[in-house]
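In terms of full-length UniProt numbering, the sequence shown opens at residue 1 and continues consecutively.
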Amino acid sequence: MSSENTNLQLQIFQDGAISDSKSYPIYLNKVEVNGGDSLLRQFFSKLLSPLVKESDYTLVHLIEKVNQSADNLRRTGVFGEVKPSLHADYAHVRPLLRSYNLENPIVTNVIFDLESKDLSTGNFSLGFNDEDNLIVNLGYDNNNFNHNAEAVKFGVNYRPYKPSERLVSTMRLESFLKCPAFRFVLDLHNAHDNNQTSFQHARKALGGVMGIFYANEEGSISVFNGFSLIRRSTSLPEEISKDQHQSFGGDFLKSSIVTRLMYNKTRTMGDYINDGIRLRLNNEIAIDQKQTGVHEAQNTFVKTEGSLDLYKSLMENRITANIFMNSGIIFGGVSSDHVHVSDRFYLGGSDSFKGFSRNAVNEEGGLQFYKFGATAFGKIPSFLRPANFSSPDPMRMYVTGMVGNVGYDITKEKGVMSVGIGLRYTNQMVKMDAGYYFSQRLGLAATTV
Numbered sequence: 001m002s003s004e005n006t007n008l009q010l011q012i013f014q015d016g017a018i019s020d021s022k023s024y025p026i027y028l029n030k031v032e033v034n035g036g037d038s039l040l041r042q043f044f045s046k047l048l049s050p051l052v053k054e055s056d057y058t059l060v061h062l063i064e065k066v067n068q069s070a071d072n073l074r075r076t077g078v079f080g081e082v083k084p085s086l087h088a089d090y091a092h093v094r095p096l097l098r099s100y101n102l103e104n105p106i107v108t109n110v111i112f113d114l115e116s117k118d119l120s121t122g123n124f125s126l127g128f129n130d131e132d133n134l135i136v137n138l139g140y141d142n143n144n145f146n147h148n149a150e151a152v153k154f155g156v157n158y159r160p161y162k163p164s165e166r167l168v169s170t171m172r173l174e175s176f177l178k179c180p181a182f183r184f185v186l187d188l189h190n191a192h193d194n195n196q197t198s199f200q201h202a203r204k205a206l207g208g209v210m211g212i213f214y215a216n217e218e219g220s221i222s223v224f225n226g227f228s229l230i231r232r233s234t235s236l237p238e239e240i241s242k243d244q245h246q247s248f249g250g251d252f253l254k255s256s257i258v259t260r261l262m263y264n265k266t267r268t269m270g271d272y273i274n275d276g277i278r279l280r281l282n283n284e285i286a287i288d289q290k291q292t293g294v295h296e297a298q299n300t301f302v303k304t305e306g307s308l309d310l311y312k313s314l315m316e317n318r319i320t321a322n323i324f325m326n327s328g329i330i331f332g333g334v335s336s337d338h339v340h341v342s343d344r345f346y347l348g349g350s351d352s353f354k355g356f357s358r359n360a361v362n363e364e365g366g367l368q369f370y371k372f373g374a375t376a377f378g379k380i381p382s383f384l385r386p387a388n389f390s391s392p393d394p395m396r397m398y399v400t401g402m403v404g405n406v407g408y409d410i411t412k413e414k415g416v417m418s419v420g421i422g423l424r425y426t427n428q429m430v431k432m433d434a435g436y437y438f439s440q441r442l443g444l445a446a447t448t449v
């Protein structure tokens, strides 16, 4: 029996109400909620429905329903703490109804004490790297939209400087269903990318995805199934009108069925993962239709992408090893030329394959890709730390190496490799990653970044 179940039983025993009872019959008189004043009554009625739909219980059955309702409240994520308690109510008498119990039931009240937390937050960040002179992120999260614990999130990502000018605005709505393990999700975005300098085109995209999201009680397993609709427009300069990108000039409408799976069983120390496994799998069945132009086109394809991360700490967490593997494939396209440039795989850049500039492994992208490697993180030696250095240490040294490739058929093409060393600092306010990389296309001369 769990400690929480034992505590709930003790509350009744301490009241002296059922000290001589054998079956512990309970009559549930009322359910009270202390806290959560900003939430509607319908919100609590939905989450407490396992408890309030009946009145006659045994003690064991009542505790089971109380714990189920408390778990529903916790899984919404809008309360800092949820404390259920049972209390015998001597001021009320059970209604005079026919009863087949051998013992008179005890009139009982259930009280949930809720600790509220901030439900609205704003965020602002500035960043830069060797590819972007400035990155601006703005966001606002409201986790109590409509006073029903619905989450609404607004975000803006802005890169104002060439060669990768970008403006993306997003809005995400999450609404709990009757069971808080399931959520309805609506995710919208409007993106403007100006890649004239590096990729000879500019793109606009407007659309979104909606579907049902499920997460288990621990949060280690999550599944999303939904439908996506995106309208895309690509502008090409006249001087490359005969380039292979010409078939993607104009407007396209892509509709797809999206499935995302995640298994995340990791442990953290501070802001670093130090042990566990994380597995991700994304699948998309899509139809892409050209809306304008002389050459009408329609392409149907299946896009699958997955990743695996393994973490293991050694020497009392002084060293953490991370083995990572990523791969993906697109079925249905005769060649890369028949798959929209926005749907292809790319490698290169600080978020993709360090040591190469953004998308530089293959600027045309491809239908297949792979990347695998390993990174070893180490704490700063004690004799190099300042006297007031915090613990757990926010700074790590690392050594990393990876190989990969992207193209139409990666089995017939030579890949690339990259090896680097660096220093990473991460906390709630600042994130910094500085490294030196040695990269090479296999079979060609090496370069450094």
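A virtual CB, placed ideally from N, CA and C, is assigned to each residue, including glycine.
This one's a predicted model, so the numbers in the text were calculated from it and none came from an experiment.
For a cut-off of 8 Å, the C-beta gap from glutamate 81 to glutamate 115 is around 4 Å, short enough to register as a contact. Isoleucine 230 counts as buried, since no fewer than 16 other beta carbons sit within 10 angstroms of its beta carbon. Between aspartate 409 and the set Val168, Ala149, Val185, Ser327, the nearest pair of CA atoms involves Ser327.
If you look at glutamate 64, you'll find it in the alpha helix (DSSP H) that goes 59-75. Annotated as proximal: arginine 318 and glycine 378, with beta-carbon spacing under 9 Å. When rounded, the separation of the alpha-carbon atoms in tyrosine 90 and tyrosine 27 is 12 Å. The stretch 176-222 contains, as complete beta strand (DSSP E) runs of 3+ residues, the segments 182-195, 201-215 (chain order). Residue pairing for glycine 122: DSSP places it in a beta bridge opposite Tyr140. Here the C-alpha atom of lysine 290 lies approximately 6 Å from the C-alpha atom of leucine 253. With three or more CB-CB distances shorter than 8 Å, the stretch 138-158 counts as touching the stretch 167-177. Histidine 340 carries a coil assignment under DSSP once its states are collapsed to helix, strand and coil.
Nearest to serine 439 by alpha-carbon distance, out of Val110, Glu413, Val403, Leu423, is Val403. Residue burial is scored here from C-beta neighbours: asparagine 123 has fewer than 16 other C-beta atoms within 10 angstroms and is therefore classed as exposed. Look at valine 52 here: in three-state DSSP terms it is helix. Within the DSSP bridge table, the entry for glutamine 289 names Leu253, Gln298 as partners.
With a 10 Å radius around the Cβ and a threshold of 16 neighbouring Cβ atoms, histidine 340 comes out buried. In the three-state reduction of the DSSP assignment, serine 233 falls in the strand class.
When the beta-carbon positions are compared, leucine 206 and asparagine 194 stay at least 9 Å from each other. Using a Cβ distance threshold of 9 Å, lysine 312 and threonine 304 do not count as a contacting pair. For lysine 46, the enclosing alpha helix (DSSP H) covers residues 41-47. Annotation for valine 78: no beta strand (DSSP E) segment contains it, and DSSP assigns it neither H nor E.
By the Cβ rule, the stretch 125-138 does not count as touching the stretch 49-65, because fewer than three pairs are nearer than 8 Å. By the CB criterion at 9 Å, asparagine 282 and valine 258 fall inside the cutoff.
Under the three-state reduction of DSSP, histidine 92 is assigned to coil, being neither helix nor strand. Of the candidates Ser256, Leu167, Gly219, Arg232, Ser256 places its Cα closest to the Cα of methionine 210. Apart from the 5 residues on each side of it in sequence, glycine 415 sits with its Cβ closer than 7 Å to the Cβ of Val403, Gly404, Asn405, Leu442 in its chain, given in chain order. Partner residues in the beta bridge of serine 327, as assigned by DSSP, are Gly306, Tyr370.
Looking at the DSSP output, asparagine 225 bridges to Ile212, Thr259. Taking C-alpha positions only, lysine 431 is separated from phenylalanine 128 by approximately 11 Å. Looking only at Thr76, Gly366, Ile106, the smallest Cα-Cα distance to tyrosine 346 is reached by Gly366. Take the alpha-carbon of valine 31 and the one of leucine 73: they are about 14 Å apart.
Rounded to the nearest whole angstrom, the CA to CA distance from leucine 62 to isoleucine 106 is 12 Å.
Contact annotation, leucine 48 with serine 69: C-beta distance approximately 5 Å; criterion of less than 8 Å satisfied. In this structure, DSSP gives glutamate 413 a state outside helix and strand, which the three-state scheme calls coil.
Comparing alpha-carbon positions, the option among Ala360, Gln368, Val361, Phe353 lying closest to arginine 344 turns out to be Gln368.
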